[in-house]
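As structure tokens, the structure follows; a few thoughts come after it.
In the numbering used here, the protein residues as written are 39 to 966.
Structure below.
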């Protein structure tokens, strides 16, 4: 029956079904297995599987037949994922009219979850322990079914935040066991695959079988709940015959008892204690059975509420691989409803994966199964995710609001189905008023959370008092406890976090709703500027979302808001402070999200703001302002907006795009190469230190960027043999390297090398390995995934292009850019030799590091900077070498033209002292 029916129609249908059931009991059933099914059905070549099922019981059926019928009903109930309950838009775009027609079989989309083992904590740290588990923190990430299959995991409490997949897992495993499915995963042993499943919803157990005045929990309470569940599916007469049979089998043979939703038990302080006692007593009585109890972390944080003898596992967020598997399975599962073929579904799934990769802010949301499902549903319905993240949060917010507003069928104290209205109907208020209350609440708690101890731990705590104050104008005759029950028991925009404590489901929803509250104020721009300059880091996301919200009223309105964040030129601010630099970075990010550079032509106000923002960001990088992480992010933003720095991008010459390379001079003379004996930081092959003299040469100030490599690719450089060495051309077309130098190393390293080489087959040698990647492929980051052969070919192409275009040579000297005159015939563009590279890096005095002899964390993109990825060139100006070259330490490894050798893996064939004529610089020699 549809979840969107009103009370009257649902009650009428229930009455009709009861009348039909009474009539059916007068005669023998005609369907196989004794089941009569109504509504849309899927026979799948066997017994009927459908939404509403009633057994016709004659009193003569053997218990095994009744058990099989019960499990068919249970499997049918657990296998459904009703898409109409997730997004009504899905129904509009699908090929049908009812929610039931487009339920997706849960096994078709289910992705195995992982769990972590939480570390124990002292009692007073229970709150922090619960917060860690809500984030899925712990040790030994393991597939859930593998963890549950271990001999010691016979009794487990499975913890997970709202939307983490607890109930979905319970339904999935119940379905597989009840159906006896061949799809039961491998970690389960043969005996475990034959376990009889029992699935009970603890909220219903407490409501129907635990009196409010109960002082002691008994196993009988759960047994009664099982009897009622059988009666719900098969009728009371059948339940009276089947229940004792199933009870005996569970006591003799064991089973798998799945108890879902400990945190949803009403009147928790009393009933939960009694319920825990009942569970403990049932576990003691069923010594051979396995138990899984699900709960949110807050409901299990207090050691006094723990189940004795139960291990604890916490659900981990989806990994990137799990996100990918879900998307693949989702699109194949929904394609029949949407009329897609398999290839269309695959392509649409790839587009969603690309969208998630291109928008880093979606990564944490996608790691949560419920929110990933909402995004997948939006993407399926719309054909794409909204481009603007504020639009995405707006639509997702509507979906979560919709979950609150739909009526749902629940079981009353007498076991009969009753309809619980949606929250807006219960409040007697429209969605607009509900939304306004949530936005006001979000702004209040976001401002309060700033500077509090919980600032970095996700969304703010919201007390029951906070909620009742926010919703007071809407309560009317509705009892406060009823409102709190709606918020606690339905996954929506407010979720329970602890006893009497609530929160938004994710910090970003709190920030979006707070931004909406600000955006509705007449002085929005001024209010936002005040908050950003007071604490730019805290208000960053709310600012970006607020700008996106303003854009819904027109691009000009959004640009006006952004412009107030950066009203002056950098030269007009006498002493810019951190807040100015952070506001500049935030302004740039806002313009990126508005894609203003695509829309500024012919709009003087837009163009002026873009130019001003670029100037601020260039100074931020060149002066080394803010932290390495903030500089790297600002560099990426500048690359998106159009980086005007010489030497990082391209220019147009001769109507063609050319690399714009800025050079620095390494003067002729002697320098110290190698490292003195006794330096504990040096490798053995760096000795001895020796003096070498080189003529002057020029080296690029920055590593070659993706933007600068692009013209080589576009010009057919990968398909022009003249640019490649013979060995390089052979490699380009599939030749594999000689593995003989690796034969004497350990097997594990050999295997690692083989796997690495296998990742670059011939069909992936037509461009850099990471080309086009949204992270590694950013315009002003160094090009990566380039082999030695590709680097040599690029240099030969560059030489030919430079002579053809007669481009000037621009040289950086002490902060000034000059043109250098050269005879074109004398120009040679090539990789530096090892000696040239080292001289450019350390200068004539033989510095240990490009900047000096003492290590400084902030001078290079190394492990100490904690970026864990490449950064746009020029983000570490303090790390410049004596000649002015940047990135000579950190960021990326760089090729030289000098050979290592081919006979030894760990040691070079060509050692020190360096000799440029011993064959190491001979490009026509054998492969290195």
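Backbone N, C-alpha and C fix where the C-beta goes; we use that ideal spot for every residue, glycine too. Predicted model, so just to flag it, every value in this text is computed and none were measured.
In terms of Cβ geometry, residue 740 and residue 925 form a close pair [threshold 8 Å]. For the pair residue 906 and residue 560, the Cα-to-Cα distance works out to about 42 Å.
When the Cα atoms are used, residue 214 and residue 393 turn out to be separated by approximately 33 Å. Listed in chain order, the alpha helix (DSSP H) runs fully inside the segment 808-867 are 826-843, counting runs of at least 4 residues. Take the alpha-carbon of residue 704 and the one of residue 730: they are about 14 Å apart. Per the coordinates, the alpha-carbon of residue 555 lies some 45 Å from the alpha-carbon of residue 185. Under the three-state reduction of DSSP, residue 952 is assigned to coil, being neither helix nor strand. It is roughly 31 Å from the alpha-carbon of residue 938 to the alpha-carbon of residue 687. Proximity of the segment 613-622 to the segment 657-669 meets the contact definition, three or more beta-carbon pairs being nearer than 8 Å.
Our two residues, residue 401 and residue 424, have alpha carbons roughly 16 Å apart in a direct line. For residue 575, there is no enclosing beta strand (DSSP E), as DSSP marks it with neither H nor E.
Residue pairing for residue 707: DSSP places it in a beta bridge opposite 732. Just so you know, the alpha carbons of residue 948 and residue 742 end up roughly 27 Å apart. Selection 908, 803, 754 evaluated against residue 834 yields 754 as nearest (Cα-Cα).
With distances taken between CA atoms, residue 608 lies nearest to 651 out of 651, 645, 932. At least 8 Å separates the beta-carbon of residue 201 from that of residue 518.
Residue 588 counts as buried, since no fewer than 16 other beta carbons sit within 10 angstroms of its beta carbon.
With the rule of 3 Cβ pairs closer than 8 Å, the segment 704-716 does not count as touching the segment 774-787. Inclusion of residue 112 and residue 237 in the CB contact set at 8 Å is warranted, their separation being smaller than that value. Here the alpha carbon of residue 346 sits roughly 7 Å from the alpha carbon of residue 318. According to the DSSP assignment, residue 372 belongs to the alpha helix (DSSP H) that extends over 358-376.
Cα atoms of residue 840 and residue 935: separation of roughly 20 Å, rounded to the nearest angstrom. For residue 237, the enclosing beta strand (DSSP E) covers residues 235-239. Under DSSP, residue 193 shares a beta bridge with 329. Looking only at 365, 549, 264, 310, the smallest Cα-Cα distance to residue 149 is reached by 365. Looking at the DSSP output, residue 519 bridges to nothing.
Residue environment analysis places residue 572 among the exposed positions, since fewer than 16 neighbouring C-beta atoms fall within 10 angstroms of its C-beta.
Residue 536: member of the beta strand (DSSP E) spanning 533-536, first to last residue. When DSSP assignments are scanned along the segment 750-818, the uninterrupted stretches of alpha helix (DSSP H) that are 4 or more residues long and fall wholly within it turn out to be 764-770, 785-796.
Within the DSSP secondary-structure output, residue 298 pairs in a beta bridge with 239.
Here DSSP, grouped into helix, strand and coil, assigns residue 407 to helix.
Collapsing the DSSP output to three states places residue 701 in a strand. Pairing residue 632 with residue 676 gives a Cβ-Cβ distance that is not under 8 Å. Counted as a single uninterrupted DSSP element, the alpha helix (DSSP H) harbouring residue 675 occupies residues 666-679. Rounded to whole angstroms, the separation of the alpha carbons of residue 720 and residue 694 is 45 Å.
Out of 388, 863, 339, 330, the CA that lies nearest to the CA of residue 211 is found in 330.
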